[in-house]
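**Q**
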Amino acid sequence: MVDAVLASGKAYKQAGDLIGVNAFADQMAQKYLAEGPKFVNVGAEVSILARNTETLAAK
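Residue 59, in the numbering used here, is where the sequence shown stops; the numbers in between run on with no holes.
1) Looking at VAL5 and ALA23, is the spacing between their C-beta atoms short of 7 angstroms?
2) Measure the CB-CB distance between ALA29 and VAL40 and report whether it falls below 7 angstroms.
3) Considering Cα atoms alone, identify which of ALA57, ALA58, GLY9, ASN52 is closest to GLU31.
4) Return the first residue and the last residue of the alpha helix (DSSP H) that ALA11 is part of.
5) Can you tell me where the alpha helix (DSSP H) with ALA50 in it begins and where it stops?
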């Protein structure tokens with residue numbers, strides 16, 4: 001999947017278009033930014049929900 005995202009980013013960059021992607025870790029966000037996408041969303045609501053659910057379950 002990562003290879004497909006990187007290939008898409010390069011294709012869009014060559015076409016002069018801008019794209020953004022989602023990453024769940026800073027290291028992956030930096031890799032994406034180096035390869036073409038102009039913005040990267042780091043994290044997602046589902047991650048926040050999962051962490052809070054784990055916290056509640058531990059109580």
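Backbone N, C-alpha and C fix where the C-beta goes; we use that ideal spot for every residue, glycine too. Quick caveat, the model's predicted, so the values are computed rather than measured.
**A** In short, the structure shows the following:
1) no
2) yes
3) Strictly speaking, residue 31 in this sequence is Lys, with Glu absent from that position. Nearest C-alpha to LYS31: GLY9.
4) 2-15
5) 45-58
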